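Peer 1:
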Amino acid sequence: MPSLDDDASAYESVVSVNSVLFSAGLLLTFVWGYLVNTGSVKHISQSTGAVLIGFIMGVVIRLLGVADRKEMLGMSAELFYFALLPPIIFDASFSLNTNMFMNNLTSILTFAFIGSTGRTAYPLDADSVAGILDGPGTTISAYVTSIGLWTFSTSWLVGLKNTEALRGYCMTFGALISSTDPVAVMALMGGSKYRPNKTLHSLVFGESVLNDAVAIVLFAAYQQAYFSPRGTSSGLAQSPLLHFLTVTFGSVIFGILSGALVSASY
7 MPSLDDDASA YESVVSVNSV LFSAGLLLTF VWGYLVNTGS VKHISQSTGA
57 VLIGFIMGVV IRLLGVADRK EMLGMSAELF YFALLPPIIF DASFSLNTNM
107 FMNNLTSILT FAFIGSTGRT AYPLDADSVA GILDGPGTTI SAYVTSIGLW
157 TFSTSWLVGL KNTEALRGYC MTFGALISST DPVAVMALMG GSKYRPNKTL
207 HSLVFGESVL NDAVAIVLFA AYQQAYFSPR GTSSGLAQSP LLHFLTVTFG
257 SVIFGILSGA LVSASY
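To convert, take the position in the sequence shown, counting from 1, and add 6; that gives the working numbering.
1. For Ala221, does the count of other Cβ atoms within 10 angstroms reach 16, so buried, or fall short, so exposed?
2. In whole angstroms, give me the CA-to-CA distance for Trp156 and Arg173.
3. How far does the alpha helix (DSSP H) with Leu115 in it extend, from its first residue to its last?
4. With the cut-off set at 8 angstroms, would you say Val268 and Ile95 are in Cβ contact?
5. Mind reading off the beta-carbon distance from Ser51 to Val42? Whole number of angstroms is fine, and I expect it under 8 angstroms.
6. Please work out which residues of its chain come closer than 6 angstroms, Cβ to Cβ, to Ala98, disregarding the five sequence neighbours upstream and downstream, and give them in chain order.
7. Taking 8 angstroms as the threshold (C-beta atoms), are Ile59 and Leu27 in contact?
8. Check Lys48 in the structure and name its three-state DSSP category.
9. Whose C-alpha, out of Thr104, Gly31 and Ser82, is nearest the C-alpha of Phe61?
10. So, helix, strand or coil for Leu166, using DSSP?
11. Kindly indicate which residue of Thr54, Leu209, Tyr175 and Ile183 has the alpha-carbon position closest to the one of Met106.
12. With a Cβ-Cβ cutoff of 8 angstroms, do Ala118 and Asn217 count as a contact?
13. Just how far apart, CA to CA, sit Ala148 and Phe250?
14. Please state the DSSP three-state secondary structure of Ile183.
15. Step through the CB atoms of chain C and report whether any lies within less than 8 angstroms of the CB of Tyr87.
16. Starting from Asn217, trace the alpha helix (DSSP H) in both directions and tell me its first and last residue.
17. So Leu171 and Tyr228 are in contact, right, with Cβ under 8 angstroms, and what is the actual spacing, rounded?
18. How about Asn103 and Thr205: are their beta carbons less than 8 angstroms apart?
19. Looking at the secondary structure, which residues open and close the alpha helix (DSSP H) in which Ala98 lies?
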């Protein structure tokens with residue numbers, strides 16, 4: 007039986023390796039971003055490069071033989087949602103042209119919210135109130151991705167059974183990957199030659215700010231619908247649509263009140 011000293015030593019080694027790999031990956035990401043911004047790299051976007059760097063870091067972890075340590079693979083959801091993600095969304099929102107954003111607000115909201123279709127295939131008790139509210143419309147991107155992934159998974163190439171869990175994984179993955187990367191979109195559309203078109207620039211970047219939040223809320227809603235234990239709360243409380251509306255409008259109200267409080271303080 008390993009002693010406490012052995013466990014502490016193993017944990018310290020894991021933390022050391024994790025810190026080194028994280029610092030190396032962050033440094034490589036900064037270097038890659040510099041190369042993309044200076045035009046040295048033209049055919050691979052900054053976000054794609056970051057994904058490739060993350061993949062390489064995963065391979066390195068595998069080769070080092072520490073992949074079996076849960077400490078290396080785990081990540082706190084609270085750290086991501088409350089420490090890493092808010093500065094990114096705040097920076098994207100703060101750097102927007104406010105006048106252009108408000109002038110095109112209807113179109114941006116259409117792309118981010120109203121562009122939706124379909125319902126989730128989530129069977130509930132017909133007598134439950136949640137049967138009426140459940141299954142919110144998801145963005146076209148999320149829905150198309152989910153259907154494509156589900157079709158491929160149940161085809162003869164993969165041969166997975168059409169189960170509720172599989173549908174849940176497909177829907178949550180579709181919601182997770184549905185948000186738009188504005189830098190990659192502008193690069194695919196022609197890069198700098200589209201920069202003078204302020205309307206297009208405002209639509210792409212404004213929609214990207216909003217659909218990040220939509221993707222997060224949709225992911226949480228589908229995760230609650232498919233993977234939360236049933237019978238722990240009322241049917242109405244389990245409704246992903248109710249969760250979606252609560253988080254969406256609650257966040258807007260909280261943001262308005264926070265902004266008003268800060269403005270009044272200064």
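No residue lacks a Cβ here, since even glycine has one placed at the ideal position from N, Cα and C.
Here the structure is a predicted model, which is why all the values come from computation and not from measurement.
Peer 2: With the structure as the only source:
1. What you label residue 221 is simply residue 215 of the sequence shown in a count that begins at 1. Flag for Ala221 reads buried.
2. One-based indexing of the sequence shown puts residue 156 at position 150. One-based indexing of the sequence shown puts residue 173 at position 167. Taking the straight line from one Cα to the other gives about 7 angstroms.
3. Taking the first residue of the sequence shown as position 1, residue 115 is located at position 109. Per DSSP, Leu115 belongs to the alpha helix (DSSP H) from Leu111 to Leu115.
4. By one-based count along the sequence shown, residue 268 stands at place 262. By one-based count along the sequence shown, residue 95 stands at place 89. No, they are not a contact pair.
5. Taking the first residue of the sequence shown as position 1, residue 51 is located at position 45. Taking the first residue of the sequence shown as position 1, residue 42 is located at position 36. Ser51 to Val42, Cβ: 7 angstroms. Contact.
6. Counting from 1 along the sequence shown, the entry for residue 98 is found at position 92. Cβ within range, chain order: Val215.
7. As a position in the sequence shown, residue 27 is number 21, starting the count at 1. As a position in the sequence shown, residue 59 is number 53, starting the count at 1. In this structure, Ile59 does not lie closer than 8 angstroms to Leu27 by Cβ.
8. Locating residue 48 in the sequence shown gives position 42, counting from the first residue. Note: Lys48 maps to coil in three-state DSSP.
9. For this step, residue 61 is matched to residue 55 along the sequence shown. Closest by alpha carbon: Gly31.
10. Within the sequence shown, numbered from 1, the residue matching residue 166 stands at position 160. Residue state, collapsed to three classes: coil.
11. Taking the first residue of the sequence shown as 1, we reach residue 106 at position 100. Nearest of Thr54, Leu209, Tyr175 and Ile183 to Met106, Cα basis: Leu209.
12. By 1-based counting over the sequence shown, the position of residue 118 is 112. By 1-based counting over the sequence shown, the position of residue 217 is 211. Yes, Cβ-Cβ distance for Ala118 and Asn217 is below 8 angstroms.
13. Translated into the one-based positions of the sequence shown, residue 148 becomes position 142. Translated into the one-based positions of the sequence shown, residue 250 becomes position 244. Near 15 angstroms, if we compare the C-alpha coordinates of Phe250 and Ala148.
14. Working through the sequence shown from its first residue, we reach residue 183 at position 177. Of the three classes helix, strand and coil, the one that applies to Ile183 here is coil, per DSSP.
15. Reference to chain C is not applicable here, since this structure consists of a single protein chain.
16. Indexing the sequence shown from 1 puts residue 217 at position 211. Residues Lys204 to Phe233.
17. Counting from 1 along the sequence shown, the entry for residue 171 is found at position 165. Counting from 1 along the sequence shown, the entry for residue 228 is found at position 222. The displayed chain sequence assigns Ala, not Leu, to residue 171. No, Ala171 and Tyr228 are not in contact; Cβ-Cβ is about 12 angstroms, not under 8 angstroms.
18. Taking the sequence shown and counting its residues from 1, the one referred to as residue 103 is at position 97. Taking the sequence shown and counting its residues from 1, the one referred to as residue 205 is at position 199. The answer is no: Cβ separation not under 8 angstroms.
19. Looking up residue 98 in the sequence shown gives position 92. Here the alpha helix (DSSP H) through Ala98 covers Leu91 to Phe100.
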